[in-house]
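There are 2 protein chains.
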Amino acid sequence: MGLLVLKFGGTSVATIPAIENVANKVAAEIKNGHKVAVVVSAMAGVTNQLVAYCSEISQIFDQREYDAVVASGEQVTSGLLALALQKRGIPARSWMGWQVPITTDKVHGKARIQAIDSKTLKESVMSGDVAVIAGFQGITTDGRITTLGRGGSDTSAVAVAAALKADRCDIYTDVQGVYTADPRIVSHSRKIDKISYEEMLEMASVGAKVLQTRSVELAMKERVPVQVLSSFESAAGSDLPGTLVVDEDNIVEQEVVSGITHSRDEAKVTLRHLPDVPGVAAKVFSPLADAAINVDMIVQNLSPDHKNTDLTFTVPRADLPKTLEVLKAVSKELPGMRIESSADVAKISIIGIGMRSHVGVAQKMFRTLAEKGINIQVITTSEIKVSVLIPEAYTELAVRSLHTAYGLDDGS
Amino acid sequence: MGLLVLKFGGTSVATIPAIENVANKVAAEIKNGHKVAVVVSAMAGVTNQLVAYCSEISQIFDQREYDAVVASGEQVTSGLLALALQKRGIPARSWMGWQVPITTDKVHGKARIQAIDSKTLKESVMSGDVAVIAGFQGITTDGRITTLGRGGSDTSAVAVAAALKADRCDIYTDVQGVYTADPRIVSHSRKIDKISYEEMLEMASVGAKVLQTRSVELAMKERVPVQVLSSFESAAGSDLPGTLVVDEDNIVEQEVVSGITHSRDEAKVTLRHLPDVPGVAAKVFSPLADAAINVDMIVQNLSPDHKNTDLTFTVPRADLPKTLEVLKAVSKELPGMRIESSADVAKISIIGIGMRSHVGVAQKMFRTLAEKGINIQVITTSEIKVSVLIPEAYTELAVRSLHTAYGLDDGS
Chain A
1 MGLLVLKFGG
11 TSVATIPAIE
21 NVANKVAAEI
31 KNGHKVAVVV
41 SAMAGVTNQL
51 VAYCSEISQI
61 FDQREYDAVV
71 ASGEQVTSGL
81 LALALQKRGI
91 PARSWMGWQV
101 PITTDKVHGK
111 ARIQAIDSKT
121 LKESVMSGDV
131 AVIAGFQGIT
141 TDGRITTLGR
151 GGSDTSAVAV
161 AAALKADRCD
171 IYTDVQGVYT
181 ADPRIVSHSR
191 KIDKISYEEM
201 LEMASVGAKV
211 LQTRSVELAM
221 KERVPVQVLS
231 SFESAAGSDL
241 PGTLVVDEDN
251 IVEQEVVSGI
261 THSRDEAKVT
271 LRHLPDVPGV
281 AAKVFSPLAD
291 AAINVDMIVQ
301 NLSPDHKNTD
311 LTFTVPRADL
321 PKTLEVLKAV
331 SKELPGMRIE
341 SSADVAKISI
351 IGIGMRSHVG
361 VAQKMFRTLA
371 EKGINIQVIT
381 TSEIKVSVLI
391 PEAYTELAVR
401 SLHTAYGLDD
411 GS
Chain B
413 MGLLVLKFGG
423 TSVATIPAIE
433 NVANKVAAEI
443 KNGHKVAVVV
453 SAMAGVTNQL
463 VAYCSEISQI
473 FDQREYDAVV
483 ASGEQVTSGL
493 LALALQKRGI
503 PARSWMGWQV
513 PITTDKVHGK
523 ARIQAIDSKT
533 LKESVMSGDV
543 AVIAGFQGIT
553 TDGRITTLGR
563 GGSDTSAVAV
573 AAALKADRCD
583 IYTDVQGVYT
593 ADPRIVSHSR
603 KIDKISYEEM
613 LEMASVGAKV
623 LQTRSVELAM
633 KERVPVQVLS
643 SFESAAGSDL
653 PGTLVVDEDN
663 IVEQEVVSGI
673 THSRDEAKVT
683 LRHLPDVPGV
693 AAKVFSPLAD
703 AAINVDMIVQ
713 NLSPDHKNTD
723 LTFTVPRADL
733 PKTLEVLKAV
743 SKELPGMRIE
753 SSADVAKISI
763 IGIGMRSHVG
773 VAQKMFRTLA
783 EKGINIQVIT
793 TSEIKVSVLI
803 PEAYTELAVR
813 SLHTAYGLDD
823 GS
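Here the protein sequences line up with chains A and B, keeping their order.
Residues 1 to 412 in the numbering used here are what the first sequence lists, from first letter to last.
Residues 413 to 824 in the numbering used here are what the second sequence lists, from first letter to last.
Here it is, written out as structure tokens:
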């Protein structure tokens, strides 16, 4: 018996029957003796429709009005789920962001939660009412509606769990948990039972789309145990059927590598014949930052003639045309510079806390890829992650080979 | 130059192009030098969809959650119209009921406005911002969302106009104003230029569906000049193209009869052989009131044998089956009672302030109908209205004949 925060995403509340299914899961937790707060997203498709309305009026819009429009989707689901719970005899009420209130900064469209006034909310939950909280939304100190950006309901849920000092935050989604690799590519991939915050954070940031990166950061900071599980399978209340994201101290058997991720959202840009003088990188990256283009992997090398440098980096594939436009303008100031680009790349990453204490983990990656004849174009590393850029055609081969090489295959 | 409140209903904001059209009308008023507050309904169809979601979950729902769900529709339109105005270079912001705040009582689903804290709103409007207010919604003193019932946005607009001490409240709708009779029935009907609050109130309550009855009551109480006009024709800013609802003192040439209305939403019930003793009417009408059935016209007569009474009354046609069910239960306590009913009736009303000072107005109605061979089943009167119940088949004939008889035909 404890206090749980359950979060249900858009596909979990896409229709009235889906909402009824969610109500059944909540009812099961109540029957298990738990106090429950629920955080809901908008019905799948609704947010896209609302965004499309805004865009139809104007491409450049006042983010405050955008937020007022888009936040309405979660308002609907929170009321509907409260009704579905009441039908089951469970006292429940909806809470909008402004009713809690969940206070955010004023960066409309991608606001950050600053404070949750949990007193009234907690009293309501402890009295036995299920609180059904509209995710994704908050309110500024001057009373305007904000939204937290795509996937923001995950962050709402973790923040509510932290504020209520909940025993666990269960993120219900359309997959059964976090996998050692994408099951659509690696049939032998396994659901991970426990993973550390640090690993989850790296995974979220390199292609595992199961949790919003910021929600993992917040869970790590506030030490909120998070479980990722499917809203479409297995009864609630069964013994942790999903993946538990926790402090690494709670993970007894540490794998060297916990998971392999891949991302096809990258494009590679190489600038050749850059003058090897201070300030060149700034000349390239400042205008890209101004254009809100997020540059990821960066490597710089002396060119073969040792007079100039070559600079390679990746950008989101969708931003490649804009990137090339910006660089064309830059090239006027850097005569001789040659721009090469390719959208034909994939980023493969291995992630694991065990890397810290094991040597040769990266080498095994390079050797495995080399044995399959896969050419590595760029390498970046962090303390618990190695990422490589390879030709996109080799994505599946690379992921499968690495999955086997690190002993992650089911049954291995 | 003054302060105007403009209200746009669901069909006026049904699509993004429709919202752009509304923005043009608002822009025209701004160009005329007016300060403007706008009240908007939900996009046509949206409220019905939201109500359907609630009903799909449960027929008996917590009105507080119903209100949270249903109020979201107006939130969307207020944000979208603010965006469309901004695109035209007009500073604008959306206001939800809770942001103003518009405080209501706690009768969720059909709440009444108790107070509008207009200070901040008025400051914003007087500074030149267009306030785009979500209609139909308010907030209780304990912070829950309420809605005002169907057509409630009219009432929102009039209440905002009263709170802001606006010079006029323009209700944009899909008709050009209030007509002497339904133009679909009487081709010679005329748009009324000015009508008194009292007449409008009677017309709204007997079938002219152009304004919510409560909004007229409020306008009359607060002396808010209201104009009804079309959002699809005539440029805003032209000289009062619609119907102006004002104090009768402002109407110079008073017609004896201002308009003829008809309603096919009635059904007639006759109870025969009721014992002629005190308390019988209560035995009949109390259970109907308990079943939330709104009884309208009532007449009681001694039966031919002078021992019993006959009781005739009308109920909304949609409620006839429920009415008969209730009466069947009642009949067990009133042995001998016979129930007759007919849905085949229409209520025709003549309305006019001039009736007060003219004699023979009702007689002319009865004579006109008699000349056409139309049998009158029930008559009720008020100070400025006479209503008769007739066989439904004669509806058009009755309305046209009366329209001619009272000199209302265009060109007459």
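Cβ atoms here follow ideal geometry from the backbone N, Cα and C, with glycine treated the same way.
From a predicted model like this one, the values you see are computed outputs, not experimental measurements.
Item: The region 57-66 of chain A / the region 448-457 of chain B touching (three or more Cβ pairs under 8 angstroms); Value: no
Item: Ala593 (chain B) (DSSP reduced to helix, strand or coil); Value: coil
Item: Beta carbon of Ala134 (chain A) nearer than 9 angstroms to that of Gln75 (chain A); Value: yes
Item: Enclosing alpha helix (DSSP H) for Arg750 (chain B) [first to last residue]; Value: No alpha helix (DSSP H) contains Arg750 (chain B), which is instead part of the beta strand (DSSP E) from Arg750 to Ser754.
Item: Sequence-distant residues of its chain with Cβ nearer than 8 angstroms to Ser187 (chain A) (five each side left out); Value: none
Item: C-alpha gap between His358 (chain A) and Thr368 (chain A), whole angstroms; Value: 17 angstroms
Item: Min CB distance Ile557 (chain B) to chain A below 9 angstroms; Value: yes
Item: Whether Ala694 (chain B) touches Asp731 (chain B) by CB criterion (9 angstroms); Value: no
Item: 7 angstroms Cβ shell around Thr147 (chain A) - same chain, five flanking residues per side excluded; Value: Asp67, Val70, Ala71, Gly109, Ala111, Phe136 and Gln137
Item: Delimiting residues of the beta strand (DSSP E) encompassing Asn308 (chain A); Value: Asn308 to Pro316
Item: Residues near Val800 (chain B) in its chain [Cβ-Cβ closer than 6 angstroms; skip 5 each side]; Value: Ile760, Ile788 and Ile791
Item: Residue span of the alpha helix (DSSP H) that contains Gln300 (chain A), given as start and end; Value: Here Gln300 (chain A) belongs to no alpha helix (DSSP H); instead the beta strand (DSSP E) covers Ile298 to Leu302.
Item: Proximal residues to Cys169 (chain A) (C-beta, below 6 angstroms), its chain only, five neighbours per side dropped; Value: Val5, Ala157, Val158, Ala161, Val224 and Val226
Item: Local conformation of Ser94 (chain A) per DSSP, three classes; Value: strand
Item: Continuous alpha helix (DSSP H) assignments of at least 4 residues falling wholly in the region 16-41 of chain A; Value: 16-31
Item: Any chain A beta carbon closer than 9 angstroms to Ile545 (chain B); Value: no
Item: Any 3 or more C-beta pairs closer than 8 angstroms across the region 388-399 of chain A and the region 258-266 of chain A; Value: yes
Item: C-beta contact flag for Asp129 (chain A) and Gln212 (chain A) at 9 angstroms; Value: no
Item: 9 angstroms Cβ cutoff, Asp182 (chain A) in contact with chain B; Value: no
Item: Buried versus exposed, by CB contacts within 10 Å (16 or more), Pro101 (chain A); Value: buried
Item: Helix, strand or coil at Phe697 (chain B) [DSSP, three-state]; Value: helix
Item: Backbone CA spacing between Ala648 (chain B) and Met709 (chain B) [nearest angstrom]; Value: Model confidence at Ala648 (chain B) stands at a pLDDT of 48, short of 50, so the residue's coordinates are unreliable; what they give is reported in the following sentence. Rounded to the nearest angstrom, the two C-alpha atoms are 41 angstroms apart.
Item: Three-state class that DSSP yields for Thr816 (chain B) in the structure shown; Value: helix
Item: Residue-chain proximity (Glu535 (chain B), chain A), Cβ-Cβ < 9 angstroms; Value: no
Item: Cβ of Ala84 (chain A) within 9 angstroms of any chain B Cβ; Value: yes
Item: Rounded C-alpha distance that separates Ile583 (chain B) from Ser627 (chain B); Value: 11 angstroms
Item: Beta carbon proximity, Val481 (chain B) to chain A, threshold 9 angstroms; Value: yes
Item: Proximal chain A residues relative to Gly748 (chain B), where beta-carbon distance stays under 8 angstroms; Value: Result: empty, since nearest Cβ-Cβ is about 44 angstroms, beyond 8 angstroms.
Item: Extent of the continuous beta strand (DSSP E) run through Gly138 (chain A); Value: Gln137 to Ile139
Item: Exposure label - Asn250 (chain A); buried when at least 16 CB within 10 Å; Value: exposed
Item: Status (buried if at least 16 other CB within 10 Å, exposed otherwise) for Arg338 (chain A); Value: exposed
Item: Beta carbon of Ala324 (chain A) nearer than 9 angstroms to that of Ser341 (chain A); Value: Rather than Ala, the amino acid found at residue 324 (chain A) in this sequence is Leu. Against a cut-off of 9 angstroms, the Cβ pair of Ser341 (chain A) and Leu324 (chain A) comes out as a contact.
Item: Residues of the region 466-479 of chain B with Cβ closer than 9 angstroms to any Cβ of chain A, in chain order; Value: Cys466, Glu468, Ile469, Ser470, Ile472, Phe473, Asp474, Arg476, Glu477, Tyr478 and Asp479
Item: Min CB distance Glu737 (chain B) to chain A below 9 angstroms; Value: no
Item: Backbone secondary structure at Ala647 (chain B) - three-state DSSP; Value: Model confidence at Ala647 (chain B) stands at a pLDDT of 49, short of 50, so the residue's coordinates are unreliable and nothing is read from them.
Item: Closest residue to Leu229 (chain A) among A:Met43, A:Lys194 and A:His273 (Cα-Cα distance); Value: A:Lys194
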